[in-house]
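Residue numbers (my numbering): 4 to 205. Even for Gly, the Cβ is constructed at its ideal location relative to N, Cα and C.
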């Protein structure tokens, strides 16, 4: 288990490092082995890592060769070894043996269609600095959580509500329909959460 969090300002103003650091700190229990952040202008990505694959060299964020694509990731890619072999044959160079590094090279090769090649359980935040595109994705069964909130001129996201709630622009208003769902079903179906303005990525 790991935890990811991030902020994107659509107007390009620089992400506040202190806020992102607090968001990531709220996820300590998800990944006690390593913490790191990436901030470049209006984008900020953070991760708390639980080291499982490539324990010593597999820290995140991960980058492609020219550092134009960066990603943080929670989960496991079961077919990462097969994907690595194919990508190396296509000329991609890896800096670690981690499954997370496969993501950035696979994205380089296939764009948004890279998700079709993944067999695993995951929540991914990937930033393409050349295209100024943020990709947020979950595995098809939704095993790994990823939540988000739209804020004025931007978006914040994370593995848990408590990471998102750090941001003062996120309104924490209870959604009565979500509360009804919880009392009826004992869970809140996606895309709702208990808070009106925080959503689960489907």
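Which partner residues of residue 37 appear in the DSSP bridge assignment?
Paired residue(s): 52.
Pull up the distance between the alpha-carbon of residue 164 and that of residue 152, whole angstroms please.
10 Å
Compute the distance between the beta-carbons of residue 106 and residue 11, then report whether it is under 8 Å.
no
Straight-line CA distance for residue 41 to residue 98?
Residue 41 and residue 98 have their alpha carbons spaced roughly 18 Å apart.
Sequence-distant residues of the same chain with beta carbon closer than 7 Å to residue 104, five excluded per side:
65, 97, 98
Mind reading off the beta-carbon distance from residue 72 to residue 63? Whole number of angstroms is fine, and I expect it under 8 Å.
That belief does not hold up - the Cβ atoms of residue 72 and residue 63 are roughly 13 Å apart, past 8 Å.
For residue 167, does the count of other Cβ atoms within 10 angstroms reach 16, so buried, or fall short, so exposed?
buried
On the DSSP letters alone, give me the boundaries of the beta strand (DSSP E) that residue 131 sits inside.
Segment 123-131, the beta strand (DSSP E) holding residue 131.
Given residue 119, which residues of its chain have a CB within under 8 Å of its CB, disregarding the five upstream and five downstream residues?
The residues are 113.
Pick out whichever of 5, 147, 194, 173 has its Cα sitting closest to the Cα of residue 156.
173
So what's residue 150 in DSSP terms, helix, strand or just coil?
Here DSSP, grouped into helix, strand and coil, assigns residue 150 to strand.
When you compare only the Cα positions, how much space is there between residue 187 and residue 139?
30 Å
DSSP-derived helix/strand/coil call for residue 203
strand
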